[in-house]
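Listed in order, the protein sequences are those of chains L and F. Going by our numbering, the first sequence opens with residue 163, and the numbers climb by one from there. Going by our numbering, the second sequence opens with residue 732, and the numbers climb by one from there.
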Amino acid sequence: MSVMRPLRSVGLVGYGAYIPRYRLPASEISRIWGGDEEGTVAFKSVPGLDEDTVTIAIEAARNAVARARIDPVLLRAVWIGSESHPYAVKPSSTVVAEALGVGNACLAADLQFACKAGTEALQAGIALVGSGMAGYAMAIGADTAQGRPGDALEYTAAAGGAAYIVGPAEAGCATLEGSYSYVSDTPDFWRRPGQNYPRHGGRFTGEPGYFAHVLSSVRSLMEGLGRSASDYRYAVFHQPNPRFPERAARQLGFKSEQYSPGLLANEIGNAYAGSSLLGMSAVLDIAQPGDRILLVSFGSGAGSDAFSWLVTDTLPKRQSLAPTTRAYIERKTIIDYATYLRLRGQLVMH
Amino acid sequence: MSLASSWRTRKFRLGFVGEICPQCHAKLFPPRDICPHCGGPAKEPLAFSGHGTVYSYTTMSVAPRGFEGQTPYVAALVKTEEGPLVTAQLTDVASDEVFIGMPVEMVTRHINEEGDDGIINYHFKFRPELAAAAKH
Ligand SMILES: [Zn+2]
């Protein structure tokens, strides 16, 4: 199948990140549960008592609007991908749109596809703007992920999000060269309604899950565009831990200087639908005109979206218009396991 | 907060939207029907910048119903860049880190909820200016 391209060229006209302030060290989890923290992340971000996917999305989206320098009324879609929407029924996206001052003539929806839901929203935004149906569309990936206490996922399930405004290529900080999406029914991770924690399918999470989908989407995209790893200044992968993206990157021929700047997992954990999109925002904070960026998501269940972006002369003028991803990473308060339980609402108050 | 009042005040609560008086151009927060400065009708919405400084504050150790799980937290009077004093919770800050004159910025956060099956209320709060916080 060929690379996906919209009829009208589109770009990212604004982007913004948000990461909560609190960090739980892996050593705190292994102190309580006696597990092995070897090979996992050093810290994961933890949302405050008053934070959820909606509040994370609002701040990331405000930063994207600040960089885009557009009136939010021009946004014709606000789409949020997450596995932790605060309501089972009632959109997060309308709350976010209202907070931003978006008008009523707007599409709004919540998407769900494990960690890929945010890039799915981005693909939809590209299509909406690229077809000429809308001038601007907002795509957000945000999560406050939970892992079962003592489970391997508890080390990494983190919180954060990033927002992107898709608009005309002429106004873009980075223009889209093409994208490729690859999905299959692979049961590597799931959560049934009413359950507090997800389950994962052991051996399915690596080879048939992450690696098969990520490698397929990237290889198809690069082949379709006639590009090789050396054409890219940066490559950003979904990062459930630091090891998976590093291994996938190396298998695809990328070197550390290409994938390390967008690899944040060791410092903040896995922000699920926000994970690859936060890696992308960290790279956009430092990229220069002419740089080419590969963005690759992965979502369990399973699928991967791969995008090729080319940075324009506009980006340097936008980078300082909102806080950088690094500023949020460095704004950190280390917490212990008891505080973590409190912030995650695990203490019974009445 | 009733559903009706929560709905009616959504732009004020979520977007920190006040008013500007069309007669005397006073910036008003919260929004109201009559301008307190000139007595004329005030209806023009104005999105405030969200930047300000702590004018006064108090640490809440005993909280009203619905806020018990959040103590201790700081309630503050914030002097907005536009002028009006606004009462709001501070967030992302320990009570011993707060000082009079502290630069703060508006964020939209979860404030309370109407039980486990009710509506979730979001509201503006203030936190230390991020640019300053990142330096610590
Ligand atoms: Zn007046």
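For every residue, glycine included, the Cβ atom is placed at its ideal position computed from N, Cα and C.
Alpha-carbon to alpha-carbon, residue 849 of chain F and residue 252 of chain L: As a first step, residue 252 of chain L must be located in the first sequence, where it is residue number 90. As a first step, residue 849 of chain F must be located in the second sequence, where it is residue number 118. Each residue's alpha carbon lies about 12 Å from the other.
Taking any heavy atom of ligand 1 as the mark, which residues have a C-beta closer than 6 Å to it, listed down the chain? F/752, F/754, F/755, F/757, F/766, F/768, F/769, F/771
Could you pull the start and end residues of the beta strand (DSSP E) that residue 304 of chain L belongs to? Against the first sequence, residue 304 of chain L aligns to sequence position 142. Its beta strand (DSSP E) spans residues 298 to 306.
Let's test the definition: count the other Cβ atoms within 10 Å of the Cβ of residue 241 of chain L and tell me whether it reaches 16, buried, or not, exposed. Along the first sequence, one-based indexing puts residue 241 of chain L at 79. Answer is buried; the Cβ neighbour count reaches 16.
Using a Cβ-Cβ cutoff of 8 Å, what residues of the region 780 to 814 of chain F are near chain L? List them in chain order. 799, 800, 801
So, with DSSP's three-state summary, where would you put residue 787 of chain F? Here the question's residue 787 of chain F lines up with position 56 in the second sequence. Residue 787 of chain F falls in the strand class under three-state DSSP.
Report yes or no: is there a C-beta of chain F within less than 8 Å of the C-beta of residue 221 of chain L? Here the question's residue 221 of chain L lines up with position 59 in the first sequence. Chain F, which has a Cβ nearer than 8 Å to the Cβ of residue 221 of chain L, makes this yes.
In three-state terms, what does DSSP make of residue 403 of chain L? Residue mapping note: residue 403 of chain L aligns to position 241 of the first sequence, counting from 1. It is coil, neither helix nor strand.
Using DSSP's beta-bridge definition, name the partner residues of residue 345 of chain L. In the first sequence, residue 345 of chain L corresponds to position 183, counting from 1. Bridge partners of residue 345 of chain L: L/465.
Counting only beta-carbon separations shorter than 8 Å, does residue 822 of chain F have a partner in chain L? One-based indexing of the second sequence puts residue 822 of chain F at position 91. Yes, residue 822 of chain F lies at the interface with chain L (some Cβ there is under 8 Å from its Cβ).
Compare the C-alpha of residue 779 of chain F against each of F/757, F/795, F/749 and name the closest. Residue numbering aside, residue 779 of chain F sits at position 48 when the second sequence is read from its first letter. Residue F/749 is the option with its Cα nearest to residue 779 of chain F.
Residue 867 of chain F by DSSP, collapsed to three states: which one? Mapped onto the second sequence, residue 867 of chain F falls at position 136. Here the model assigns residue 867 of chain F a pLDDT of 40, short of 50, so the residue's position is not dependable, and the following value carries that caveat. It is coil, neither helix nor strand.
With a floor of 4 residues, list each alpha helix (DSSP H) that falls wholly inside the region 423 to 504 of chain L, ordered by position along the chain. 427 to 430, 437 to 446, 477 to 480, 487 to 492
Which chain L residues are close to residue 746 of chain F, counting only those with a beta carbon under 8 Å from its beta carbon? By 1-based counting over the second sequence, the position of residue 746 of chain F is 15. Result: 260, 261, 262, 263.
Assess, as a yes-or-no matter, whether the region 411 to 420 of chain L is touched by the region 280 to 291 of chain L under the definition of 3 or more beta carbon pairs within less than 8 Å. no
Starting from residue 210 of chain L, find everything on chain F with Cβ-Cβ shorter than 7 Å and list it in chain order. On the first sequence, residue 210 of chain L is found 48 positions in, with the first residue counted as 1. Residues of chain F passing the Cβ test: 822, 823.
At the 8 Å Cβ level, is residue 214 of chain L part of the contact set with chain F, yes or no? Counted from its first residue, the first sequence places residue 214 of chain L at position 52. Cβ-Cβ to chain F under 8 Å: yes for residue 214 of chain L.
What does the alpha-carbon distance come out to for the pair residue 334 of chain L and residue 174 of chain L? Within the first sequence, numbered from 1, the residue matching residue 334 of chain L stands at position 172. Within the first sequence, numbered from 1, the residue matching residue 174 of chain L stands at position 12. Distance between the alpha carbons of residue 334 of chain L and residue 174 of chain L: 5 Å.
Strand pairing of residue 857 of chain F, partner residues [DSSP]: Here residue 857 of chain F is taken as the residue at index 126 of the second sequence, counted from 1. The partner list for residue 857 of chain F (beta bridge, DSSP) reads F/821, F/837.
Can you pull out the residues from the region 833 to 855 of chain F whose beta carbon lies closer than 8 Å to at least one beta carbon of chain L? 838, 839, 840, 841, 842, 851, 853
What does the alpha-carbon distance come out to for the pair residue 438 of chain L and residue 213 of chain L? Against the first sequence, residue 438 of chain L aligns to sequence position 276. Against the first sequence, residue 213 of chain L aligns to sequence position 51. The straight-line gap from Cα to Cα measures roughly 21 Å.
Can you check which of these residues, F/816, F/786, F/847, is closest to residue 510 of chain L by C-alpha distance? Taking the first sequence and counting its residues from 1, the one referred to as residue 510 of chain L is at position 348. Nearest C-alpha to residue 510 of chain L: F/847.
Tell me the rounded alpha-carbon separation between residue 176 of chain L and residue 196 of chain L. As a working note, residue 176 of chain L is residue 14 in the first sequence. As a working note, residue 196 of chain L is residue 34 in the first sequence. When rounded, the distance between both Cα atoms is 44 Å.
Per-residue DSSP class, three states only, for residue 740 of chain F: Position 9 of the second sequence, counting from 1, holds the residue named residue 740 of chain F. Residue 740 of chain F: coil per DSSP, three-state reduction.
Give the residues of chain L in contact with residue 938 of chain F, contact being defined as C-beta atoms less than 8 Å apart. With chain F represented from 732 up to 867, any question about residue 938 of chain F goes unanswered, as that position is not in the structure.
For residue 735 of chain F, go through chain L and note every residue whose CB falls closer than 9 Å to its CB, in chain order. The residue labelled residue 735 of chain F in the question sits at position 4 within the second sequence. Result: empty, since nearest Cβ-Cβ is about 16 Å, beyond 9 Å.
Residues within the region 177 to 189 of chain L neighbouring chain F, beta-carbon criterion of under 7 Å: 183
List the residues of chain L that residue 861 of chain F touches, going by C-beta distances under 8 Å, in chain order. Taking the first residue of the second sequence as 1, we reach residue 861 of chain F at position 130. Chain L residues near residue 861 of chain F: 485, 489, 490, 493.
Between residue 165 of chain L and residue 342 of chain L, is the Cβ-Cβ spacing less than 8 Å? Looking up residue 165 of chain L in the first sequence gives position 3. Looking up residue 342 of chain L in the first sequence gives position 180. Cβ distance < 8 Å, so residue 165 of chain L and residue 342 of chain L count as in contact.
Rounded to whole angstroms, what's the CA-CA distance from residue 867 of chain F to residue 493 of chain L? Just pull it up for me. The residue labelled residue 867 of chain F in the question sits at position 136 within the second sequence. The residue labelled residue 493 of chain L in the question sits at position 331 within the first sequence. Any reading at residue 867 of chain F is ruled out, since the residue's pLDDT is 40, under 50, leaving its predicted position unreliable.
Closest Cβ-Cβ distance between residue 819 of chain F and chain L: below 8 Å? Within the second sequence, residue 819 of chain F is the residue found at index 88, counting from 1. It does not: the Cβ of residue 819 of chain F has no partner Cβ on chain L nearer than 8 Å.
What separation, rounded to the nearest whole angstrom, lies between the Cα atoms of residue 433 of chain L and residue 488 of chain L? Counting from one through the first sequence, the residue named residue 433 of chain L turns up at place 271. Counting from one through the first sequence, the residue named residue 488 of chain L turns up at place 326. Taking the straight line joining both Cα atoms gives about 15 Å.
Quick check on the DSSP output: the alpha helix (DSSP H) that includes residue 191 of chain L runs from which residue to which? Here residue 191 of chain L refers to the residue found at position 29 when the first sequence is read from its first residue. 188 to 195 is the span of the alpha helix (DSSP H), which, as asked, contains residue 191 of chain L.
Shortest alpha-carbon distance to residue 279 of chain L belongs to which of L/303, L/356, L/263? The sequence position of residue 279 of chain L within the first sequence is 117, counting from 1. Comparing Cα positions, the closest option is L/303.
Considering only residues of the same chain and omitting the five flanking positions on each side of residue 865 of chain F, which have a CB-CB separation below 6 Å? The count along the second sequence starts at 1 and reaches residue 865 of chain F at position 134. Bear in mind that the predicted position of residue 865 of chain F carries a pLDDT of just 47, short of 50, making it unreliable; the figure below should be weighed with that in mind. Same-chain partners within the cutoff: there are none.
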